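Engineer:
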Amino acid sequence: MAGNPLEALGKLDPGIMEHLKTGDRFVFEDGALPGRIKLLMALAFDAAHGAAEGVAALAQRALKEGATAAEIAEAVRVAWHLAGVGSLYTASRGLKDIAG
């Protein structure tokens, strides 16, 4: 499940991928919040919105940026508290490769 969930779109429209990469750098670079925290926030949003592939991709990126498994778990708790139990099922599907 790892990898870029937008890979197919990138093959169809490489131009839009360049715009997405620019926006991605702008949003997720270190600032007042470290990039890993922003990635965890996005992971919680994807869990809340049913995007298991997004959860997987963002978890991988967050780990590369220094996030811990405990931080990922706490981000999922936030999604569950604010969006309901469905986010736990989504997160579990997205995190199956990480959890082992």
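Position one of the sequence shown corresponds to residue -18 (my numbering), numbered consecutively onward. Glycine residues also receive a C-beta, built at the ideal position from the N, C-alpha and C atoms. The structure presented is a predicted model; accordingly, all values stated were derived computationally and were not measured.
Could you name each continuous alpha helix (DSSP H) segment of 4 residues or more that falls completely within the stretch -13 to 53, going from the start of the chain to the end?
Structural biologist: -12 to -7, -5 to 9, 16 to 29, 33 to 45
Engineer: Taking its Cβ as the centre, do 16 or more other Cβ atoms sit within 10 Å of K2, making it buried, or is it exposed?
Structural biologist: Within the sequence shown, the letter at position 21 stands for residue 2. Classified as exposed, K2 has fewer than 16 neighbouring CB atoms from the shown chains inside 10 Å of its CB.
Engineer: Please report how far the alpha carbon of A28 lies from the alpha carbon of I79, in whole angstroms.
Structural biologist: Numbered from 1 along the sequence shown, position 47 holds the residue referred to as residue 28. Numbered from 1 along the sequence shown, position 98 holds the residue referred to as residue 79. About 15 Å.
Engineer: Are the CB atoms of L14 and L39 nearer to each other than 8 Å?
Structural biologist: Counting from 1 along the sequence shown, the entry for residue 14 is found at position 33. Counting from 1 along the sequence shown, the entry for residue 39 is found at position 58. Cβ distance not < 8 Å, so L14 and L39 don't count as in contact.
Engineer: Check whether the stretch 67 to 78 and the stretch 42 to 49 are in contact - that is, three or more C-beta pairs closer than 8 Å.
Structural biologist: no
Engineer: For V36 versus A64, is the C-beta spacing smaller than 8 Å?
Structural biologist: Counted from its first residue, the sequence shown places residue 36 at position 55. Counted from its first residue, the sequence shown places residue 64 at position 83. Cβ distance not < 8 Å, so V36 and A64 don't count as in contact.
Engineer: Using the Cβ count rule (16 or more neighbours within 10 Å means buried), how would you classify F7?
Structural biologist: The sequence position of residue 7 within the sequence shown is 26, counting from 1. Answer is exposed; the Cβ neighbour count stays below 16.
Engineer: Report, in whole angstroms, the separation of the C-beta atoms of V59 and A25, which I expect to be a contact under 8 Å.
Structural biologist: Taking the first residue of the sequence shown as position 1, residue 59 is located at position 78. Taking the first residue of the sequence shown as position 1, residue 25 is located at position 44. The pair is a contact, with the Cβ atoms about 5 Å apart (cut-off 8 Å).
Engineer: Given a threshold of 16 other Cβ atoms within 10 Å of its Cβ, counted over all protein chains shown, does V57 qualify as buried or as exposed?
Structural biologist: Translated into the one-based positions of the sequence shown, residue 57 becomes position 76. Label assigned to V57: buried.
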